[in-house]
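Line by line, the protein sequences give chains G and L. For the first sequence, the working numbering gives the first residue as 1, with consecutive numbering after it. For the second sequence, the working numbering gives the first residue as 1, with consecutive numbering after it. C-beta atoms are modelled at their ideal positions from N, C-alpha and C, and glycine is treated no differently. Accompanying notes for the structure given below.
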Amino acid sequence: MILMLMVGINVEAFDTPNESSKILSSSELPAPPTEVLVKDKPNDAGGSIIVTWGKSADDVEENELVKEYRVFRSGALDGEFELIGTANKGFEKFVDGTTIDGTQYYYMVKASDGVVHSQSAVSEAVSSSAQWFHTDRISMLVATAIICFLILWFIGKAKKGEELYIRPIAGLEAVDDAVGRATEMGKPIMYIPGIADMDDIQTIASVIILGRVARKAAQYETPLLVPCCRSIVMSAAQETVKEAYISAGRSDAYDADKIMYLTDDQFGYAAGVDGMMLREKPGAIFYMGCFYAESLILAETGHSTGAIQIAGTAMPSQLPFFITACDYTLIGEELFAASAYLSREPLLLGSLKGQDMGKAIIIAILIGGVIMVSLGFTKIIALLATG
Amino acid sequence: MKKEIPLLITFIAGMVMILQFFIPHRPFSDLQQLFNTWFLIITVFAMILGLGNLFKVHTKRLQRRPKGWWYSIVLLAGFAVMFTVGMVWGPARGTPFDYLFWNVHIPMSSMMFALLAFFVASASYRAFRARTPEATLLLVSAILVMIGRVPLGNYIWDKLPLIGDWIMSYPNMAGQRAIMIGIALGIVSTSLRIILGIERTYLSGK
Chain G
1 MILMLMVGIN
11 VEAFDTPNES
21 SKILSSSELP
31 APPTEVLVKD
41 KPNDAGGSII
51 VTWGKSADDV
61 EENELVKEYR
71 VFRSGALDGE
81 FELIGTANKG
91 FEKFVDGTTI
101 DGTQYYYMVK
111 ASDGVVHSQS
121 AVSEAVSSSA
131 QWFHTDRISM
141 LVATAIICFL
151 ILWFIGKAKK
161 GEELYIRPIA
171 GLEAVDDAVG
181 RATEMGKPIM
191 YIPGIADMDD
201 IQTIASVIIL
211 GRVARKAAQY
221 ETPLLVPCCR
231 SIVMSAAQET
241 VKEAYISAGR
251 SDAYDADKIM
261 YLTDDQFGYA
271 AGVDGMMLRE
281 KPGAIFYMGC
291 FYAESLILAE
301 TGHSTGAIQI
311 AGTAMPSQLP
321 FFITACDYTL
331 IGEELFAASA
341 YLSREPLLLG
351 SLKGQDMGKA
361 IIIAILIGGV
371 IMVSLGFTKI
381 IALLATG
Chain L
1 MKKEIPLLIT
11 FIAGMVMILQ
21 FFIPHRPFSD
31 LQQLFNTWFL
41 IITVFAMILG
51 LGNLFKVHTK
61 RLQRRPKGWW
71 YSIVLLAGFA
81 VMFTVGMVWG
91 PARGTPFDYL
101 FWNVHIPMSS
111 MMFALLAFFV
121 ASASYRAFRA
131 RTPEATLLLV
141 SAILVMIGRV
151 PLGNYIWDKL
161 PLIGDWIMSY
171 PNMAGQRAIM
181 IGIALGIVST
191 SLRIILGIER
201 TYLSGK
């Protein structure tokens, strides 16, 4: 004990009895962390408290007096503190995700070199709770509300019979031509719905467009091949195509085997589709949905068969490949506009108009934001930020 | 009722998912995970449908003997072999299933991926033909970026890597972000159409 006092270390600085033996090799106690602050983690489902502290004065690159911070917790101010986690040197924050909502806790942080520790003062009492609204997402809520209002407003206008102008989209204008060309050539149409599952909005949009293409294929009596990479997509595609054939009055022409499952494997799927393209020589190929590295393998093989190709994806990294290898490409939002555009139904066109107005507002905000930040009104950044 | 019930389920599920994004409190906070779990369960059952379809389509091809029917033999034989070794020895490390996966499946997948290099070359050849002002701009930017990203670019002129980085960070990034904003709006619009039952193509559009 005398030896310990000589080197200026408190007995409480040891976590385990074994560590007391190592004290002999240590000569300096690190400076303790300062200002331990605690607060309930905001915008969560409860069960979490954020502990922050000021770094120890010895937490610097030049020395090894602080290697980590050890965070302790107790249910009472004079109760026993238990170790709940550690944070590396240089860090000033720890999130305790093991609290019980409504229970009060006290925290204390120790700066440690792995052998000796110096402890901070004990924090104030804190308890965790769940919140009913995510305050960091107010700007997103406002933006969503405005865009939804615009879409519903224009849908309402369309319902009243008002004529809405929609800008022409070349790729969608060409859908009829592509189906017609395949029909004239006596070749099938191939529709590739991407490699994502039905939980991807691009696949949902793709299956909706498939319904439109299938209806035209049924009207022209042109075979439609739909190789799928996911079982659920295959089931959804079969139902969609079947409904399209029924609504076109050609339920007899529907063949479920033409909408087939190949494999979940990305390149296995690419190989399978490439093989089908080379054997069947389709007159028109549609690539609609989510694609990754297989996009160019498919589109280049399709190009080599001489088919008219129309692609649409919301994957920015794959767009250059499709633009290069396909005759028409629906860029990003055009994929989502396709169903409304092809159907020409006023209600769907109304939603497109609302979407375009939303884009106009965002462009105005971008320009206004750039001007304001350039003039020094930087608060606009915090106002528009989301968590 | 055949149409109303799916529309009602879609509306409720869609609204709940929107609410859980803004409400962190339970039970909303757990709903996304719960829905994902349900989706996984459905996916597993749908896999049986997929395999059944695969088996049915290729068995029919063997019966009808259309062009390239022998590929179906390869597929069914591969299916049978992998299924048998998987059921008999399991998928653990060192089993025949594991051996076939690493020594047959993975090399074939890698081969398909490797083909991408040749397709990139052929697609680039077509895209970079300077026939229009836009294609010329593309050609010049691509050359600057490509040369700027290899050591040779630095040897030719030490500003080339900076020019390549500038093209990627400013014009390219601005274009990508514009596309992303459009995509986000498209997603909101499509989701709203589906949730409100305006988009009913998957229900025959009626």
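query, result
"Count Cβ pairs between the region 43-50 of chain L and the region 221-234 of chain G that sit closer than 8 Å; are there 3 or more?", "yes"
"For F94/G, does the count of other Cβ atoms within 10 angstroms reach 16, so buried, or fall short, so exposed?", "buried"
"Taking Cβ positions only, does A307/G come closer than 8 Å to chain L?", "no"
"Say whether the region 309-316 of chain G touches the region 134-145 of chain L, bearing in mind that this needs 3 or more beta-carbon pairs closer than 8 Å, one atom from each stretch.", "no"
"Of all the options E82/G, I50/G and Y165/G, which has the alpha carbon lying nearest to the alpha carbon of M357/G?", "Y165/G"
"Have a look at F119/L, A142/L and F118/L and flag the residue whose alpha-carbon is nearest the alpha-carbon of R129/L.", "A142/L"
"Near I371/G, what residues of its chain come up, given a Cβ to Cβ distance below 6 Å and the 5 sequence neighbours on each side ignored?", "none"
"Tell me which residues of the region 329-350 of chain G have at least one Cβ-Cβ distance to chain L shorter than 9 Å, keeping chain order.", "I331, G332, E333, E334, L335, F336, A337, S339, A340, S343, E345, L347, L348 and G350"
"Going by DSSP, which residues form a beta bridge with H117/G?", "S112/G"
"Starting from the Cα of F55/L, find the closest Cα among G86/L, S72/L and R64/L and give me that residue.", "S72/L"
"Is L139/L closer than 8 Å to G148/L when the C-beta atoms are compared?", "no"
"Can you grab the Cα-Cα spacing for the pair L225/G / F322/G, in whole Å?", "20 Å"
"Among residues of its own chain, excluding the 5 on either side of W89/L, which ones have a beta-carbon nearer than 7 Å to its beta-carbon?", "T95, P96 and F97"
"Between which two residues does the beta strand (DSSP E) holding V51/G run?", "I49 to G54"
"By the three-class DSSP mapping on this structure, what secondary structure does L29/G have?", "coil"
"Would you call S110/L buried or exposed, if buried means 16 or more other Cβ atoms sit within 10 Å of its Cβ?", "exposed"
"In its own chain, which residues sit with a C-beta less than 7 Å from the C-beta of L65/G, not counting the 5 before and 5 after it?", "E28, P30, D58 and D113"
"State yes or no: is the beta carbon of S189/L nearer than 8 Å to at least one beta carbon in chain G?", "yes"
"How long is the line joining the alpha carbons of S129/G and V38/G, rounded to whole angstroms?", "13 Å"
"What does the Cβ neighbour count give for Q33/L, buried or exposed, with the cut at 16 atoms within 10 Å?", "exposed"
"Check the Cβ-Cβ distances between Y71/L and every residue of chain G, and say whether any is below 8 Å.", "yes"
"Sort I362/G, A125/G, E239/G and N88/G by Cα distance to M180/L and report the nearest one.", "I362/G"
"Going by the beta-carbon positions, is the gap between T10/L and I194/L smaller than 8 Å?", "yes"
"Would I49/G pass as a contact of K55/G if the rule is Cβ separation under 8 Å?", "no"
"Quick one, which of I23/L, W69/L and W70/L has its alpha-carbon nearest W132/G's?", "I23/L"
"Taking any Cβ of chain L, which residues in the region 113-140 of chain G have a Cβ under 7 Å from it, in chain order?", "A130, Q131, W132, F133, H134 and R137"
"Using a Cβ cut-off of 8 Å (strictly closer), state whether A87/G contacts chain L.", "no"
"At a cut of 8 Å, does the region 296-315 of chain G reach the region 325-345 of chain G through at least three beta carbon pairs?", "yes"
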